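Visitor: To start, I am sharing the structure in question, which I have written as structure tokens.
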Amino acid sequence: KMTQQMRDLQLAQARKPPGPSSPNAAKRLYRNLSGKFRGPGCLVGWTRVPCAQPSCISPCPQFQSNAALFEAVELQDLDRVQEMLKHYSPEELDLNTPNSEGLLPLDIAIMTNNAPIARALLQAGAKESPHFVSLESRSLHLSTLVREAEQRVNELMAQVVNEAPSADCSEKEKQLKAWEWRFRLYKRMKAGFEHARVPDAPSSVHLSVASSSSLQVTFWEPLSVNSAVVTKYKVEWSCSPSFSPLLGEAMIDRLKELHFTIQGLVSGTAYHVRVSAYNMKGWGPPQASTPPFAIPSNWREYDGRAPRRRGQAEALDQLLGQVKTVHQHCICHEPCKNQPQSRKHSVSKSLKHLFHPGSKFLKTLKRGLYLTAIFYKDDNILVTHEDQIPVVEIDDTYSCLLMQDFLWLTKVSCMWDEILWLRQCVTVSQSSCSCILQTRFKMLLAISQMQGLLGIQDLGQVFFEPIKDKQGNILIVTLKEVKTNQTFESVRWVPICKLQSSRKSVSSPEEPTALDMLLVSVQDKLAYHQRSSHALSPGLYLGYLKLCSAVDQIRVLVPEQLPNILCHVRIRSNPNISREEWEWLQKMASVEEPVPTETEADRSQNSFFQELQVAIKELMTLVNIPLQEAKDFRLYSQEVLDFGDQVSFLLLLPPSDDVCTAPGQNTPYTPRSGFLTLPLQIFELGEDR
Numbered sequence: 001k002m003t004q005q006m007r008d009l010q011l012a013q014a015r016k017p018p019g020p021s022s023p024n025a026a027k028r029l030y031r032n033l034s035g036k037f038r039g040p041g042c043l044v045g046w047t048r049v050p051c052a053q054p055s056c057i058s059p060c061p062q063f064q065s066n067a068a069l070f071e072a073v074e075l076q077d078l079d080r081v082q083e084m085l086k087h088y089s090p091e092e093l094d095l096n097t098p099n100s101e102g103l104l105p106l107d108i109a110i111m112t113n114n115a116p117i118a119r120a121l122l123q124a125g126a127k128e129s130p131h132f133v134s135l136e137s138r139s140l141h142l143s144t145l146v147r148e149a150e151q152r153v154n155e156l157m158a159q160v161v162n163e164a165p166s167a168d169c170s171e172k173e174k175q176l177k178a179w180e181w182r183f184r185l186y187k188r189m190k191a192g193f194e195h196a197r198v199p200d201a202p203s204s205v206h207l208s209v210a211s212s213s214s215l216q217v218t219f220w221e222p223l224s225v226n227s228a229v230v231t232k233y234k235v236e237w238s239c240s241p242s243f244s245p246l247l248g249e250a251m252i253d254r255l256k257e258l259h260f261t262i263q264g265l266v267s268g269t270a271y272h273v274r275v276s277a278y279n280m281k282g283w284g285p286p287q288a289s290t291p292p293f294a295i296p297s298n299w300r301e302y303d304g305r306a307p308r309r310r311g312q313a314e315a316l317d318q319l320l321g322q323v324k325t326v327h328q329h330c331i332c333h334e335p336c337k338n339q340p341q342s343r344k345h346s347v348s349k350s351l352k353h354l355f356h357p358g359s360k361f362l363k364t365l366k367r368g369l370y371l372t373a374i375f376y377k378d379d380n381i382l383v384t385h386e387d388q389i390p391v392v393e394i395d396d397t398y399s400c401l402l403m404q405d406f407l408w409l410t411k412v413s414c415m416w417d418e419i420l421w422l423r424q425c426v427t428v429s430q431s432s433c434s435c436i437l438q439t440r441f442k443m444l445l446a447i448s449q450m451q452g453l454l455g456i457q458d459l460g461q462v463f464f465e466p467i468k469d470k471q472g473n474i475l476i477v478t479l480k481e482v483k484t485n486q487t488f489e490s491v492r493w494v495p496i497c498k499l500q501s502s503r504k505s506v507s508s509p510e511e512p513t514a515l516d517m518l519l520v521s522v523q524d525k526l527a528y529h530q531r532s533s534h535a536l537s538p539g540l541y542l543g544y545l546k547l548c549s550a551v552d553q554i555r556v557l558v559p560e561q562l563p564n565i566l567c568h569v570r571i572r573s574n575p576n577i578s579r580e581e582w583e584w585l586q587k588m589a590s591v592e593e594p595v596p597t598e599t600e601a602d603r604s605q606n607s608f609f610q611e612l613q614v615a616i617k618e619l620m621t622l623v624n625i626p627l628q629e630a631k632d633f634r635l636y637s638q639e640v641l642d643f644g645d646q647v648s649f650l651l652l653l654p655p656s657d658d659v660c661t662a663p664g665q666n667t668p669y670t671p672r673s674g675f676l677t678l679p680l681q682i683f684e685l686g687e688d689r
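With full-length UniProt numbering, the residue at position 597 of the sequence shown is 597, and numbering never jumps.
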């Protein structure tokens, strides 16, 4: 039945300004309104507040929020539909609220066979009308809409023909043309429904092992949808190839990503999977998966190996608690009386400087070891009221063992909240009069001073390399991004470019200080800090392990874009390696020239081999190693490196003699630009973060 709103259209039009005189006029009016919507004006039902951001569009109180979306779908305006879906949530648009005819936007899109708009709506979470419980009910509803629209057209046409020309007659002509346009729309929807057929089977269904209790199903759209858009899929699984009995099924109606993970399966049991597609005419034929079955498992089941890090975090927390218990009554003692006078004076000076009311940041550097903290937000950086980066002194003397002290400080950066306790422990241990302990105690004092002056405990991440100048200054840099409107003491926000310009005007280009060098390279350091916190997307990766040693450290090759991860390429999106794949890999590692098998039983292993082969070629090209040298490289087959549940790594190793390059040893192949080497301890901390 036509609704009251449609029945009273004539009365409503009498109270409103004249509408479009024809369907083409309606389209022109809609385009004009759309143009206003894009500009500073307003669209019917929407107002734009004065703001440069497109998100500053708010609904008028009297507006039915889905009316504009219905209008855009009916006029097949894909750009307008996409813009509205981008700027507003499904709730704001009432995406799944039927109109007065019992239709949803998705119903109109699929019955007019507008696939682009239908896909956009489906990805936004649109549903079909729940009123269409069967093919018969949908057909009856469309026939009713067409019949009543045709009846209304005939009534208006008779009135226009019989009445003399007048203002009232002109109004009826406009109503007639509007109803004629709607009549054609309903006829087109009815024809689209009648000509459609059920969809073909999905073009491909891939089955993989996600864990010891789950399988992952990935599928693709049918090659032919038979004049109707697919609106959902059905995944079925069974232990029998005939799918009798059926163990379970799942409906997939969120079509942004066509995959599904079957959970709660029994490890070691073979499962068959198939997928069917659905459109408004019903379910199409199922498509069996490739391979035809899969067995939930994990590579650890091959030899019953427990996770490497199981219980380690708990054990470390327990150990730290025990250490704290032993030192809970510790208080800061006086420095060792047997230390040289110069060191005693230096420590006393540091203590006096820390607790003196006039304690503040340094403006200039005078041959020594310093700590600076860089806090940034967008393109702004925190500076003191004198427009200086916050700097405090650690020590006015330094030893040749600085690298070991620096690496120790990087570990301390994981315990910024424990600095006071660490100071107490190091103070108690100074009875040994160790030069190393004295330096590290001064580091803790400087950290406390920086925390006190800024009024914040977390100083961020230590940059992997201190800055050294020719005047004998060494600057240790910490970096932290501020994402909220956080307030700090004794500092303020300044644009980085402004700080760099002011520094250039007072610095000496011939002999730049460590602070000058910091400002010149500050963007690079901020970019490094941001990239080092990026996480990999879920998947199985192939990593390249390459080390080089120096006198006091070992460094590891990493990509600049992700310095917290080894050089790598992604093998596949599924991070799990099944027991069968791992067993096959062990067999291949035990023979000199592995050749993949081609039997049906080894199809999944052969697929894994092909994925691995492609990844190895890609990785060798990435690190600039000739492919003919790949025969001398090895896959680390002792274990898979698991980083949580979503990321895992296989390692590709150079020949034994080339895993770690010694000082002075020439490397036959130099990686292309885009790589750097990090101290191994820094890399380990970055990976843990």
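Positions of the beta carbon are idealized from the N, C-alpha and C atoms, including for glycine.
None of the values given here were measured: they were computed from a predicted structure.
For residue 456, which residues in the same chain have their Cβ closer than 7 Å to its Cβ, ignoring the five residues on either side in sequence?
Guide: Taking the sequence shown and counting its residues from 1, one reaches residue 456 at position 456. Excluding positions up to five away in sequence, the list reads 488.
Visitor: Nearest by alpha-carbon distance to residue 656: which of 647, 644 and 631 is it?
Guide: If you number the sequence shown from 1, residue 656 lands on position 656. The shortest Cα separation from residue 656 among 647, 644 and 631 belongs to 631.
Visitor: Pop quiz: residue 293 and residue 271 are said to be a contact at Cβ under 8 Å. What is the actual Cβ separation, rounded to whole angstroms?
Guide: As a working mapping, residue 293 is identified with position 293 in the sequence shown. As a working mapping, residue 271 is identified with position 271 in the sequence shown. Correct: roughly 6 Å between the Cβ atoms.
Visitor: Given this structure, state the Cα-to-Cα distance separating residue 549 from residue 478, to the nearest angstrom.
Guide: Position 549 of the sequence shown, counted from the start, is the residue given in the question as residue 549. Position 478 of the sequence shown, counted from the start, is the residue given in the question as residue 478. Cα-Cα distance, rounded: 25 Å.
Visitor: Output the distance between the C-alpha atoms of residue 777 and residue 281, rounded to the nearest integer angstrom.
Guide: The structure shown does not extend to residue 777, since the chain is modelled only from 1 through 689, so no value can be given for it.
Visitor: Measuring only the C-alpha atoms, how far is residue 693 from residue 629?
Guide: In the structure as shown, the chain begins at 1 and stops at 689. Residue 693 is therefore absent and cannot be evaluated.
Visitor: Please name the residue, chosen from 553, 422 and 257, that lies closest to residue 122 on a Cα-to-Cα basis.
Guide: For the purposes of this step, residue 122 is taken as the residue at position 122 of the sequence shown. When each option's Cα is compared against that of residue 122, the closest is 257.
Visitor: Considering only residues of the same chain and omitting the five flanking positions on each side of residue 383, which have a CB-CB separation below 7 Å?
Guide: For the purposes of this step, residue 383 is taken as residue 383 along the sequence shown, with counting starting at 1. Same-chain partners within the cutoff: 389, 491, 492, 494 and 499.
Visitor: Can you tell me where the alpha helix (DSSP H) holding residue 406 begins and where it ends?
Guide: Looking up residue 406 in the sequence shown gives position 406. Run containing residue 406: 402-412, per the alpha helix (DSSP H) assignment.
Visitor: Enumerate, from N- to C-terminal direction, the unbroken alpha helix (DSSP H) stretches of 4 or more residues contained entirely within the segment 456-533.
Guide: 496-504, 514-520 and 522-531, all fully within the segment 456-533.
Visitor: What does the alpha-carbon distance come out to for the pair residue 134 and residue 141?
Guide: Mapped onto the sequence shown, residue 134 falls at position 134. Mapped onto the sequence shown, residue 141 falls at position 141. When rounded, the distance between both Cα atoms is 11 Å.
Visitor: Let me know the secondary structure DSSP gives residue 198 once reduced to three states.
Guide: As a position in the sequence shown, residue 198 is number 198, starting the count at 1. The answer is coil: DSSP assigns residue 198 none of H, G, I, E or B.
Visitor: With H, G and I counted as helix, E and B as strand and the rest as coil, what does DSSP make of residue 311?
Guide: The residue you call residue 311 lines up with position 311 of the sequence shown. Residue state, collapsed to three classes: coil.
Visitor: Roughly how many angstroms separate the alpha carbons of residue 196 and residue 228, rounded to a whole number?
Guide: On the sequence shown, residue 196 is found 196 positions in, with the first residue counted as 1. On the sequence shown, residue 228 is found 228 positions in, with the first residue counted as 1. Rounded to whole angstroms, residue 196 to residue 228 spans 6 Å at the Cα level.
Visitor: Sorted by chain position, which residues of the same chain lie with C-beta nearer than 8 Å to residue 652's C-beta, five sequence neighbours on each side aside?
Guide: As a first step, residue 652 is located in the sequence shown; it is residue number 652 there, counting from the start. Once the five neighbours on either side are set aside, the close Cβ partners of residue 652 are 542, 543, 544, 545, 616, 619, 633, 634, 635 and 636.
Visitor: Under three-state DSSP, which class holds residue 131?
Guide: Within the sequence shown, numbered from 1, the residue matching residue 131 stands at position 131. Coil at residue 131, not helix or strand.
Visitor: Does any CB atom of chain D fall closer than 7 Å to the CB of residue 546?
Guide: Protein chain content of the structure displayed is limited to a single chain, and chain D is not contained in it.
Visitor: Buried or exposed: where does residue 177 fall if 16 or more other Cβ atoms within 10 Å of its Cβ makes it buried?
Guide: In the sequence shown, the residue the question calls residue 177 occupies position 177. Buried.
Visitor: Counting only runs of 4+ residues fully inside the UniProt domain "Fibronectin type-III" (201-298), write out the alpha helix (DSSP H) ranges in chain order.
Guide: Listed in chain order, nothing qualifies, since the UniProt domain "Fibronectin type-III" (201-298) has no complete alpha helix (DSSP H) run of 4 or more residues.
Visitor: Thinking just about the alpha-carbon of each residue, which of 369, 579, 674 and 606 is nearest to the one in residue 715?
Guide: For residue 715 there is no data in the structure shown, the boundaries of the chain being 1 and 689.
Visitor: Does the distance from the CB of residue 297 to the CB of residue 214 come in under 7 Å?
Guide: As a position in the sequence shown, residue 297 is number 297, starting the count at 1. As a position in the sequence shown, residue 214 is number 214, starting the count at 1. No; because the gap between Cβ atoms is not below 7 Å, this pair is not in contact.
Visitor: Under the assumption that residue 471 contacts residue 410 (Cβ atoms under 8 Å), give the Cβ distance between them as a whole number of angstroms.
Guide: Numbered from 1 along the sequence shown, position 471 holds the residue referred to as residue 471. Numbered from 1 along the sequence shown, position 410 holds the residue referred to as residue 410. Residue 471 to residue 410, Cβ: 25 Å. No contact.
Visitor: Using 10 angstroms around the beta-carbon of residue 414, count the other beta-carbons present and answer buried if the total reaches 16, otherwise exposed.
Guide: Counting from one through the sequence shown, the residue named residue 414 turns up at place 414. Burial call: exposed.
Visitor: Mind checking which residues open and close the beta strand (DSSP E) that includes residue 377?
Guide: If you number the sequence shown from 1, residue 377 lands on position 377. Residues 369-377.
Visitor: Report the three-state DSSP secondary structure of residue 673 (helix, strand or coil).
Guide: Here the question's residue 673 lines up with position 673 in the sequence shown. Coil, per DSSP.
Visitor: Taking contact to mean at least 3 C-beta pairs separated by less than 8 Å, is the segment 143-151 in contact with the segment 184-200?
Guide: They touch, by the three-pair rule.
Visitor: Rounding to the nearest angstrom, what Cα-Cα distance links residue 642 and residue 468 in this structure?
Guide: Here residue 642 refers to the residue found at position 642 of the sequence shown. Here residue 468 refers to the residue found at position 468 of the sequence shown. Near 38 Å, if we compare the C-alpha coordinates of residue 468 and residue 642.
Visitor: Would you kindly work out how many angstroms separate the C-alpha atoms of residue 531 and residue 370, rounded to a whole number?
Guide: Taking the first residue of the sequence shown as position 1, residue 531 is located at position 531. Taking the first residue of the sequence shown as position 1, residue 370 is located at position 370. Computed Cα separation, rounded: 25 Å.
Visitor: List, from N- to C-terminal side, the alpha helix (DSSP H) runs of 4 residues or more that fit wholly inside the segment 560-590.
Guide: You should have 579-589.
Visitor: Can you say whether residue 486 is buried or exposed, counting buried as having 16 or more other CB atoms within 10 angstroms of its CB?
Guide: Taking the sequence shown and counting its residues from 1, one reaches residue 486 at position 486. Burial call: exposed.
Visitor: Which stretch, first to last residue, makes up the beta strand (DSSP E) that contains residue 649?
Guide: Position 649 of the sequence shown, counted from the start, is the residue given in the question as residue 649. First-last of the beta strand (DSSP E) with residue 649: 647-653.
Visitor: Which class does residue 319 belong to by DSSP, given the choice of helix, strand or coil?
Guide: Here the question's residue 319 lines up with position 319 in the sequence shown. Residue 319: helix per DSSP, three-state reduction.
Visitor: Confirm the yes/no value for this check: CB of residue 163, any heavy atom of the ligand COA, distance under 6 Å.
Guide: Absence of the ligand COA is noted for the structure shown, with no ligands found whatsoever.
Visitor: Is residue 44 helix, strand or coil when you go by DSSP?
Guide: Translated into the one-based positions of the sequence shown, residue 44 becomes position 44. Because the pLDDT at residue 44 is just 35, under 50, the model does not fix this residue reliably, and the value given afterwards should be weighed accordingly. The answer is coil: DSSP assigns residue 44 none of H, G, I, E or B.
Visitor: In terms of residues, what are the limits of the alpha helix (DSSP H) holding residue 79?
Guide: The residue labelled residue 79 in the question sits at position 79 within the sequence shown. Looking at the DSSP string, the run of the alpha helix (DSSP H) that includes residue 79 is 78-87.
Visitor: For residue 419, which of helix, strand or coil comes out of DSSP?
Guide: Start at 1 with the first residue of the sequence shown, and residue 419 comes out as number 419. If DSSP states are grouped into helix, strand and coil, residue 419 belongs with the helices.
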